[in-house]
Structures are given as structure tokens and as C-alpha cells.
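Accompanying notes for the structure given below.
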Amino acid sequence: MISPGEVIETNKMIGEENLDVRTITVGISLLDCADSSLQKTCEAIRAKILRYAGNLVKVGDEISREYGIPIVNKRVSVTPIALVGAACCKTPSDYVEIARTLDSVASELGVNFIGGYSAVVSKGMTASDRLLIESIPEALACTERICSSVNVGSTKTGINMDAVRLMGTIIKKTAEATKERDSLGCAKLVVLCNAPDDNPFMAGAFHGVTEPDAIINVGVSGPGVVMHALKAVRGKSFEVLCETIKRTAFKITRVGQLVAQEASRRLGIPFGIIDLSLAPTPAVGDSVADILKEIGVEQAGAPGTTACLALLNDQVKKGGVMASSYVGGLSGAFIPVSEDQGMIEAAECGALSLEKLEAMTCVCSVGLDMIAIPGDTPDSTIAGIIADEAAIGMVNQKTTAVRIIPVVGKSVGESVEFGGLLGHAPIMKVNPFGCEDFVKREGRIPAPIHSFKN
Amino acid sequence: MDRSIITVVGRNQVGIIAKISAELAKDNVNVLDITQTIRQGIFNMMMIVDTSESPLAFDEFVGRLTELAGQMGVRILCQKEEIFDKMHRI
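From first to last, the protein sequence lines stand for chains A and B. If you use the numbering used here, the first sequence corresponds to residues 1 to 454, in order. If you use the numbering used here, the second sequence corresponds to residues 1001 to 1090, in order.
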């Protein structure tokens, strides 16, 4: 029998420590929607998404009310659109038509984001991949709910430097195309290395070709819960610290597993994975940086931060793995700057630099995330930052990503407000030395030696 | 059996249990267990109930409890038991 103490503990996590299920994401394959006619493709996409996800928001809200657990986002991810539109899109504007279709379906469903306006070009680009990538600035400027991602490398294939160079330019163009809204388009565009096929989190979510026709992936959260648990063991040994994180991660993940199974049953769509991520929000008390501070660094970015984060990331996985039947996605601790009050503070007081963030991405779950930089940063420098991040991912066999916002018209010392879950951020300093001659070399960086495991 | 947990927290006053029990009886919801304490004037109660025989949809039932909570000036939560089971039992 459940005891009152256990009930109080769970409800305290939800009521006071911001425990929530961050997202239920329905992945839908659109491969069978491809047609040589653009109009027919768009009609098929619309019909298929509505068929699978028509009840998503209703079911999500029902589960939330019955168990008393907030489910913050209901989202959809689809097959990389570069593949779906390959037969019918002859120009970037054709791809933008598909983006508009996805945007209007998302709005009709009431989901806040739809991910998969994507291309997977780890080794090379097809003509249609290139058209999709070229269409990204316009697609993100004329839609509200589309998220876009481009996978430019993997441990198995190496890094496609032609795509890296192109993305440096595309990020700048996206910033320019959305300059009236503080270059917000770039907040919905991520460049990945080793992108997983089953990630439920935006902006990098897409429904990979290894997946079934439709699937439910759930992202859990709860940095506030971990921080509160750690307050109780302040000053204790690493053994106690790690046990506390594991135990808390287990409890958080069990809630995610329950929600995923219920959503799967009620929507009649198979359960895919739980993504065990600590995903912060700009709300006070929902911060990964605050956990690092609780572990013992004065500010995120101080010496010791990378070790704290490595420990946290690993314990979250160890605790969560046993709580769920299938684990996948990005899993770990996210360190977005603008979406985490503690990270914003650290960047504002000078504790956190772009270089330290890069070091932290070696051990966190993803990469350089939601970082605002000066709008006049050269294309080649952005490409260099992407290449560095992709190299970390490629060599360490982990997912890495860059979601960076060169805010048009702003420079170091100013700040930018994206609003809602995307938060606000100070403009961070970028190393002023160039890398143009490196970036302009053509071709790809070969896969590392340890990728040959056949 | 369709078990849910009702938690009630608020300033102690006459008739909290009576009013909630009356609502449960009206909705044909069976009470399986009650734990109740008063600490520093704050009333705390946890009830385990079975809603399987109730003619009301779960949402509707929760709506009525919420309405009652408003009238009494206390906080009432009603959640299906699985969330606690999943979190605290392996």
C-alpha cells in the first residue's frame, strides 16, 4: 500500500520542484507520402499526420489530469523532409511549400513544434538535400512551428565539411531572414553530428528511416527535483552524491515510462523510447546550472564544472536506465544557455565562456545550445565552431550539436529576449581569430580509426 | 478496481471528512483507506478510493472535488494510483 509520505514526496516534486514530462513526441514516417506532384505530396503529408496525431493533444491533456503530472509539450517529428520532397521539389521554394503545409498541420493539431525539416548529409549531399538546406532561411522565416536540423557528420562517416561550410552561411541567412524577431529562426535550427533517429526533443527531432511507421517517444525532465534532493546531502561524499542523483533519476524516469505507456495505449501507436534528459527551462528552480552549483562549483563555468557535469550526466543515465524498458534519444543533461536561468547568470557574470561551454559539451548530452553571439560573426567562424563540435562528437562517438544565434544588429554587452521556453541570453564573445582557409577546403574529414569495428 | 489517491490539505475546520465523504457516496466512489493528521492547525488527509463503480467520467469526478475544494477553502488533489506505484515500487 502506498504510504502518505510517498504521496507527499511525489506531489512535492510536481508542485514545488517543477517535475514534469517535458514532451510526448509522436514520430511519423512520411516516406509513403512522396509523390512527383508537390500538391499531392503536401496533401498526403497533411492526411497522414492528422491520422496519427489528431488526438495527441487531447490524450496528453487527459493523462496529465488523471495522474496530476504536467505534460508541457505535445509534438510531432517526421521523416527528414529532404527525403520526402526529393521527387517533387525542384527549387528551394518547393520545399518551403512543404514547410508551410507542416506548419499549418501543427497549428491545427495544437502542437507547439513539428521537427524534421531536416537533411541527413553526414557523408555527402544529394541535389535535394542541398535544395532543402538552401530553403531553410525562408522556411523558418515564414513559419512559426517548424524545427529544422542538418546532420553533418558521424563517427562512421566522418564530417562532411562542404555541409559544415554551407551551414555557416545558412545560419547567417536565417538570422538575417528573421532579424525583426531577434534572429529567432536560428533558435529553431540545429546542426548535429551523430544525430539519433528517435530524439523527442526540439530542435533536433526527426523521425529516422530506421523507425517504424509511427512511434511515441517521451522526454522526461526534472532538474529542480535533482537539485532539491542534492540539497539534503550537501558536503557528503561522492558515493552519497552519486547515489542520490541515481535514485532521483530513477523516480523521474518511472513517471516518464508511465506516461509513455499510457500515451501509446490510448493513441494506438507503439512506444519507442524514453529520453532521460534533464531539460532546464528559464523558470527559477528548473536549472541544470543550479545542480552544478549545488554539487560545489561557485558558478557554472568555474574550474571543476566539466567534471561535475560528467558525473551528473552519467548518474542520470545509470538511474534512468533501470526505470525504463527502452532508453534512447539524447539522454543526459542539457546545457542550453538561454533556457537555463543559472547558465544565463553564469554567462552574464563572466564565469562562462564559449570555450568552456565547448569543453562541457564533451561530457553533456548534446552540445553548444541556444547561445547568442554577435550578428557580425563571419560565416566561416560559425562553420569553424560547427566543425569543432562535430569533431568532438565524431571522435567520442556521441551526439553533439550547435544551435547558435548570430543576432543581427547586436554585439557583446547586449542581450536578446526570445520569450517563453526559449528564454533570454547575453550576447557572448566569439574568438576573433579566423579559420577561413581551413573551412574553405573542399570534401570531408575521414572517419576516425576507432570507427572501423567490423 | 480502479484505485485513485485523494489528498486534502488545508486549514482545519468542522466537516471536511463529512463533506468529502458525502460527495464520494453521491458519486458511488468507494473509500478503501483513510489516513489523517492535523499538524500545527493544518489538516492533512490521504484517501485511497475505488472509482470503478462510479457513473462519472474520471475528469468529471475530479471536477466535482475541485469545486468542493473551492467551497471549503482547502486543496484537494485526485490522482490515479499508478503514478505513486511506478515511482516508489520496483
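The beta carbon of each residue, even a glycine, is placed where N, CA and C say it ideally should be. Remember, it's a predicted structure, so these values are computed and weren't measured experimentally.
Counting along the chain, A:Asp275 sits inside no alpha helix (DSSP H); it lies in the beta strand (DSSP E) bounded by residues 271 to 275.
The DSSP-derived three-state label of A:Ser118 is strand. Using a C-beta cut-off of 8 Å, the segment 167 to 181 of chain A makes no contact with the segment 239 to 252 of chain A, since fewer than three inter-stretch Cβ pairs fall below that distance.
Rounded to whole angstroms, the gap between the alpha carbons of A:Glu9 and A:Ser149 is 39 Å. Chain-ordered listing is empty here: chain A has no CB closer than 7 Å to the CB of B:Gln1040, the nearest sitting near 15 Å. Counting C-beta pairs with one atom in each stretch, the segment 219 to 232 of chain A and the segment 409 to 428 of chain A have fewer than three that are closer than 8 Å, which means they do not touch. B:Lys1080 belongs to the set of residues whose beta carbon lies under 8 Å from a beta carbon in chain A. Counting other Cβ atoms within 10 Å of its Cβ, A:Phe334 reaches 16 or more and is therefore classed as buried. As the crow flies, the alpha-carbon of B:Asp1033 is around 8 Å from that of B:Met1046. Exclusion of the five residues before and after A:Gln299 leaves Ala346, Ala351 as the residues of its chain whose Cβ lies within less than 6 Å of its Cβ. For B:Met1047, no chain A residue has a Cβ inside 9 Å of its Cβ, as the nearest lies near 10 Å away. Among the CB atoms of chain A, none fall inside 8 Å of the CB of B:Ile1020. Proximity of B:Leu1065 to chain A, defined by a Cβ-Cβ separation below 8 Å, is not satisfied. Separation of A:Gly296 and A:Ala260 (C-alpha to C-alpha, rounded to the nearest whole angstrom) is 34 Å. Of the candidates A:Thr178, A:Ser154, A:Cys193, the residue whose Cα lies closest to the Cα of A:Gly367 is A:Cys193. Beta-bridge annotation (DSSP): B:Phe1043 is paired with B:Gly1010, B:Ile1038. In the three-state reduction of the DSSP assignment, A:Ala289 falls in the helix class. Under a 10 Å Cβ-count criterion, A:Asp182 is classified as buried, with 16 or more other Cβ atoms of the shown protein chains found around its own Cβ. Its chain contains Ile71, Val259, Glu262, Ala263 as the residues whose beta carbon lies nearer than 7 Å to that of A:Ile63, once the 5 sequence neighbours on both sides are disregarded; these appear in chain order.
Around the CB of A:Ala323, 16 or more other CB atoms lie within 10 Å, so the residue is classed as buried. Separation of A:Gly15 and A:Ser104 (C-alpha to C-alpha, rounded to the nearest whole angstrom) is 34 Å. The beta carbon of A:Gly328 lies closer than 6 Å to those of Asp198, Ile273 in the same chain, with the five residues before and after it left out. Between the beta-carbon of A:Val121 and that of A:Ala163 there is about 5 Å, and that keeps the pair under the 8 Å contact cut. Assigned with DSSP and collapsed to three states, A:Ala279 falls in coil, not helix or strand.
Taking the beta carbon of A:Pro4 as reference, the chain B residues within 7 Å of it are Thr1035, Met1046, listed in sequence order.
Going by DSSP, A:Asn313 is part of no beta strand (DSSP E) but of the alpha helix (DSSP H) stretching over 305 to 321. With contacts defined as CB atoms closer than 8 Å, A:Leu189 and A:Leu56 fail to qualify as a contacting pair.
Burial is judged here by how many other beta carbons sit within 10 angstroms of a residue's own beta carbon; B:Pro1055 has fewer than 16 and is exposed.
Against chain B, the beta carbon of A:Val57 has no neighbour under 9 Å; the closest one sits roughly 15 Å away. Chain-order list of chain A residues neighbouring B:Thr1051: empty, with the shortest C-beta distance near 10 Å, by a criterion of under 9 Å. Classified as buried, A:Gln341 has 16 or more neighbouring CB atoms from the shown chains inside 10 Å of its CB. DSSP places A:Ile344 in the helix class (H, G or I) of the three-state scheme. Rounded to the nearest whole angstrom, the C-alpha separation of A:Ile449 and A:Asn396 is 12 Å.
Using a 10 angstroms sphere on the CB of A:Phe113, the tally of other CB atoms reaches 16 or more, which defines it as buried. Only Lys251, Arg254, Val255, Gln257, Leu258 from the segment 251 to 267 of chain A bring a Cβ to less than 8 Å from some Cβ of chain B. Chain order gives the chain B residues near A:Asn11 as Thr1007, Leu1077, where near means a beta carbon separation below 7 Å.
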